[in-house]
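First residue of the sequence shown? That's 114 in the numbering used here, and the numbers climb one at a time after it. The beta-carbon is built from N, C-alpha and C at its ideal position, and this holds for glycine as well.
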Amino acid sequence: MEEAQGVKPKKKAFCFICNQRKPALKRPKTLDQICRECFYAVFEDEIHRVIVDNQLFKPGERVAIGASGGKDSTVLAYVLSELNRRHNYGLDLFLLSVDEGITGYRDDSLETVKRNEIQYGLPLKVVSYKDLYGWTMDEIVKLIGLKNNCTFCGVFRRQALDRGAALLKVDKLATGHNADDIAETVLLNILRGDIARLSRCTSITTGEDGPIPRCKPFKYTYEKEILPNLNQVSFTYAYFKRLDYFSTECIYSPNAYRGFAREFIKDLERMRPRAILDIIRSGENFRISTSTKMPEQGTCERCGYISSQKWCKACVLLEGLNRGLPKLGISRSRGLNSDHTKDVKRSNGTKNIESKQCGTLDF
Ligand code: SF4
Ligand code: ZN
114 MEEAQGVKPK
124 KKAFCFICNQ
134 RKPALKRPKT
144 LDQICRECFY
154 AVFEDEIHRV
164 IVDNQLFKPG
174 ERVAIGASGG
184 KDSTVLAYVL
194 SELNRRHNYG
204 LDLFLLSVDE
214 GITGYRDDSL
224 ETVKRNEIQY
234 GLPLKVVSYK
244 DLYGWTMDEI
254 VKLIGLKNNC
264 TFCGVFRRQA
274 LDRGAALLKV
284 DKLATGHNAD
294 DIAETVLLNI
304 LRGDIARLSR
314 CTSITTGEDG
324 PIPRCKPFKY
334 TYEKEILPNL
344 NQVSFTYAYF
354 KRLDYFSTEC
364 IYSPNAYRGF
374 AREFIKDLER
384 MRPRAILDII
394 RSGENFRIST
404 STKMPEQGTC
414 ERCGYISSQK
424 WCKACVLLEG
434 LNRGLPKLGI
444 SRSRGLNSDH
454 TKDVKRSNGT
464 KNIESKQCGT
474 LDF
């Protein structure tokens, strides 16, 4: 039929990828209009490519997924078990959770992980600060207040995950850090002038010289595609797939500085979605001059954990708590290691800017 003169034909918008179905979302990473089915496919496929191209896993490996019940680790558990089946990775997957002892927060989110255990058929191991260190975060906050609590929590979590992974006898630990987290960490390390961490925070696998290597299959996955925040739940993987996750922030979360970096990256992303990937790229291309002195890795004299100092950070913090001197491990220039340090000013590799501290906690 001929079109009436002057009337524009109605545009039929189809999915940018399949060109068959109606678009259901504008993909945050590329701004392409795509349908729901193609979104699942590209989202999962990109993660599969990252896993294969970077040889994150080998057939027959036992892999623990750091599971907090939050959106990132829930989506990671779901997608990894799907891909493991679909592409025959041959992995034995486990969920590993840390119970920091935060009433009204972690106890609730652990309930989510317990449901995930059943939903995905993945065995769950929970390690608690109380069992490992004799202190819950509730008790620590009672003693020290809301300053530096995340330093204790971050250091303890890192070791707790390693200890849990050792109990599970896994070969690797996969964490749900996404592209936004990594860009944020690059920025924070620049702002803090932390050269050692800047050079390794973009590595997709870290700790190969430590007890258990860690990897980040979501290194290039945008948070907005997983699940940005409570006000924007639609059009994301977790929402579409109706995954069961926990979305409350830690009641002790005071991390204003990290929050500022986060907001800054979100602003950049609004102007230019590629900004997140570009920041990660900048971190990857960062090279340390061979003459820069890096901390030597050794082991903690007290607990045997990796440390570049006499005692690892967790042991120093713990000693401070047990002696009723909680500031002992916080100050950089004083403390238990200062008589014996190989490198006083440098961090000892356990302080935890590489992990989220913490906002909505997802390891
Ligand atoms: Fe621990 Fe995160 Fe809470 Fe800080 S915000 S106390 S690091 S769970
Ligand atoms: Zn130690």
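Kindly list the residues whose CB is nearer than 8 angstroms to the CB of residue i, restricted to its own chain and excluding five residues on each side of it in sequence; keep chain order.
| i | result |
| --- | --- |
| P136 | A126, F127, C128, F129, Q146, I147, C148 |
| D215 | For the record, residue 215 in the displayed sequence is Ile; it is not Asp. Excluding sequence neighbours, I215 sits near T249, M250, D251, C363, I364, Y365. |
| T225 | G182, T187, D357, Y358, F359 |
| I393 | A292, I295, A296, V299, T315, K332, Y333 |
| L223 | G182, S210, D212, V239 |
Please classify residue i: does DSSP put it in a helix, a strand, or coil?
| i | result |
| --- | --- |
| I378 | helix |
| K337 | helix |
| G411 | strand |
| R400 | coil |
| V283 | coil |
| F207 | strand |
| K238 | strand |
| L343 | Residue placement at L343 cannot be trusted, given a pLDDT of 42 that sits under 50; the coordinates are not used to answer. |
| D391 | helix |
| C328 | strand |
| S186 | helix |
| I419 | strand |
Going by beta carbon distance, what residues of the same chain come within less than 6 angstroms of residue i, once the five residues before and after it are set aside?
| i | result |
| --- | --- |
| P367 | L259 |
| R375 | E297 |
| A177 | F207, L209, A278, L281, V283, L286 |
| G323 | I419 |
Quick one: residues in its chain with C-beta nearer than 7 angstroms to the C-beta of residue i, no 5 flanking neighbours on either side, listed in chain order?
| i | result |
| --- | --- |
| G173 | G203 |
| L343 | For L343, the predicted structure reports a pLDDT of 42, less than 50, and the residue's modelled location is therefore unreliable. A value from the coordinates is still provided. These residues qualify, in order along the chain: S360. |
| Y218 | T361, C363, I364 |
Going by Cα to Cα distance, which pick from the options is closest to residue i?
| i | options | result |
| --- | --- | --- |
| P141 | D158, E338, T412 | E338 |
| D275 | R436, Q133, I419 | I419 |
| T334 | R134, E195, V163 | V163 |
| E321 | Q410, L304, A273, F373 | Q410 |
| K426 | Q133, G267, S222 | G267 |
| Y370 | V155, N261, P439, K243 | N261 |
| L390 | I257, A292, S421 | A292 |
| C416 | F353, Q272, Y153 | Q272 |
| P386 | L138, K139, N132, T143 | T143 |
Quiz item: What runs of the beta strand (DSSP E), each 3 residues or longer, lie entirely inside the region 121-180?
Solution: 175-179
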